[in-house]
Amino acid sequence: MPYYRSAGDIPPKRHTQHRDADGRLRFEELMGEEGFSSDSSLLYHREIPSAITDSRPWDLTGQNTTANHPLKPRHFKLHALWSGDDWHDTDAVTGRRLLLGNADVRISYVVAGTASPFYRDGIGDECVYVEAGSATVETVFGTLTARPGDYVLLPRATTHRWLPQGDQPLRLYCVEANSHISPARRYLSRNGQLLEHAPYCERDLHGPNGPLLATGTDVDVYVKHRGPRGEVLGTVFTQATHPFDVVGWDGCLYPYTFSVHDFEPLTGRVHQPPPAHQVFDGDNFVICNFVPRKVDYHPLAIPVPYYHSNVDSDEVMFYCGGDYEARKGSGIGPGSVSLHPGGHAHGPQPGAYERSIGAEFFDELAVMVDTFRPLELGEGALAAEDPGYAWTWAGRGPAA
1 MPYYRSAGDI PPKRHTQHRD ADGRLRFEEL MGEEGFSSDS SLLYHREIPS AITDSRPWDL
61 TGQNTTANHP LKPRHFKLHA LWSGDDWHDT DAVTGRRLLL GNADVRISYV VAGTASPFYR
121 DGIGDECVYV EAGSATVETV FGTLTARPGD YVLLPRATTH RWLPQGDQPL RLYCVEANSH
181 ISPARRYLSR NGQLLEHAPY CERDLHGPNG PLLATGTDVD VYVKHRGPRG EVLGTVFTQA
241 THPFDVVGWD GCLYPYTFSV HDFEPLTGRV HQPPPAHQVF DGDNFVICNF VPRKVDYHPL
301 AIPVPYYHSN VDSDEVMFYC GGDYEARKGS GIGPGSVSLH PGGHAHGPQP GAYERSIGAE
361 FFDELAVMVD TFRPLELGEG ALAAEDPGYA WTWAGRGPAA
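Residue numbers 1 to 400, in full-length UniProt numbering, belong to the letters of the sequence shown in order.
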């Protein structure tokens, strides 16, 4: 995070004695990035945060991936992954189904209706997009409110849990990094402030309310962590005392939410390339969003994208609202994910190029992840694939 926040009860100077009314010492914890060389926060616990009484495996199933080979563009219908009332007993952590992944990022989807366990991603930051439904996200820093259209940014090792609210399913599109995720670097001053040309500012970023001051003993926390060959492993720690026993914290590293509806699109006389829609950076990937906006106003403009070859990246688009003009006729709709891999030229569906001429406004909402290493297919993607999508530009399948 680019700016400082403080909450609850903290001492006047860091790394000094901090006692309660009875004279008992609080326990200071530094949560920081890049080995004490980047953003951090200090949290003050009632009890020792390192105290665990048990450690056992968490069996993470469905984490294997297969190569996109032979290479082709793909379409996945995520809403088909849950049927009927299956979501009622699913939680937002253990119920995730892996769609795509590589050494830098994993993308999954979940439809949840019940409280998740306490959870900590020890591999990297998470950026979770709320497609539908609402939730309270309790964290070691305090509480976040997650609503439709919100990104929920959770720094690495932030203990938290998801509590769905209301009687509607909570639909989450989860981007799990092997790195940190931050606002796009070109939007930031050298001191970390969001600049005037950025499509959002600090007022749009909403930190936690808290702290929670929870009490309890023998609390299970589910942890994702790296294996010896880079694989994702799971462990359940039983913590001796409640992880949310923090009485106060301060610093520049904490979870926050950002609504896609607060993103101010950058437009121009002719079609703007995808970096104009960028919102976040990670190592070897970026996150962009396409929001309702006025489109190109050159008298000869063609508002939909030109055809383009993804020379350096795989492009993943999650369609979560509106009517995405360039994909009409492909079978894509809300809840769809398209994968356009490096090595394949893609662009508007047949007829969309011509139909867009004269358009003044696009009512569309989509979240895009561009990766700079090839993505492999997870079990969720294979279970939800539309097998005919690759041939929709030609209007026919492979030659006999």
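All C-beta atoms in this analysis are idealised placements derived from N, C-alpha and C, irrespective of residue type, glycine included.
The structure presented is a predicted model; accordingly, all values stated were derived computationally and were not measured.
query                                                                                                                                                        : result
Cα-Cα separation between N68 and A146, rounded to whole angstroms                                                                                            : 33 Å
Any 3 or more C-beta pairs closer than 8 Å across the stretch 44-54 and the stretch 341-360                                                                  : no
Range covered by the alpha helix (DSSP H) that runs through Y353                                                                                             : 352-355
Nearest neighbour of L266, chosen from H75, Y187, G8, G282 [CA to CA]                                                                                        : Y187
Proximity to T114 [Cα-Cα], best of Q165, G35, P155                                                                                                           : Q165
Contiguous beta strand (DSSP E) assignments of at least 3 residues, all confined to the stretch 216-240                                                      : 217-226
L98 - containing beta strand (DSSP E), residue span                                                                                                          : 97-101
Euclidean distance between Cα positions of G149 and E131                                                                                                     : 6 Å
G210 beta carbon less than 8 Å from that of Q168                                                                                                             : no
N- and C-terminal bounds of the alpha helix (DSSP H) containing residue 412                                                                                  : This structure leaves residue 412 out entirely; the chain is present only between 1 and 400.
Extent of the continuous beta strand (DSSP E) run through L154                                                                                               : 150-154
Own chain, CB closer than 6 Å to Y297, minus 5 neighbours either side, in chain order                                                                        : R269
Residue(s) in a DSSP beta bridge with W162                                                                                                                   : V137
Nearest-angstrom Cβ-Cβ length linking G329 and D363, presumed shorter than 8 Å                                                                               : Not a contact, Cβ separation roughly 17 Å.
Between the CA atoms of Y324 and Q272 - distance to the nearest angstrom                                                                                     : 16 Å
DSSP-derived helix/strand/coil call for P183                                                                                                                 : strand
Check whether H225 and I107 have beta carbons under 8 Å apart                                                                                                : no
Short Cβ contact (8 Å threshold) for R120 with T158                                                                                                          : yes
DSSP-derived helix/strand/coil call for A381                                                                                                                 : helix
Exposed unless 16 or more other CB atoms sit within 10 angstroms - verdict on D312                                                                           : exposed
Distance, A240 Cα to Q54 Cα                                                                                                                                  : Per the sequence presented here, residue 54 reads as Asp, with Gln not at that position. Rounded to whole angstroms, D54 to A240 spans 9 Å at the Cα level.
Per-residue burial, R190 [other beta carbons within 10 Å of its own, 16 or more giving buried]                                                               : exposed
Sufficient close CB pairs (3 or more, under 8 Å) joining the stretch 278-298 to the stretch 248-264                                                          : yes
Distance between N178 and G101 (C-alpha atoms, nearest Å)                                                                                                    : 11 Å
Inter-residue Cα distance where the pair is Y306 and T238                                                                                                    : 53 Å
Cβ neighbour criterion (16 or more within 10 Å) applied to P387                                                                                              : exposed
Continuous beta strand (DSSP E) assignments of at least 3 residues falling wholly in the UniProt domain "Homogentisate 1,2-dioxygenase C-terminal" (285-381) : 285-290, 314-322, 336-340, 364-371
W249, DSSP secondary structure in three states                                                                                                               : strand
With 16 other Cβ atoms within 10 Å as the buried cut-off, status of P243                                                                                     : buried
Per-residue burial, Y4 [other beta carbons within 10 Å of its own, 16 or more giving buried]                                                                 : exposed
Nearest neighbour of residue 417, chosen from L144, R19, G342, H45 [CA to CA]                                                                                : Because the chain spans 1 through 400 in this model, residue 417 falls outside it and cannot be assessed.
Selection from G351, A383, H346 that minimises the alpha carbon distance to A390                                                                             : H346
Neighbour-count burial assignment, A394, 16 or more Cβ in a 10 Å radius                                                                                      : exposed
Reduced DSSP secondary structure (H/G/I, E/B, other) of V260                                                                                                 : helix
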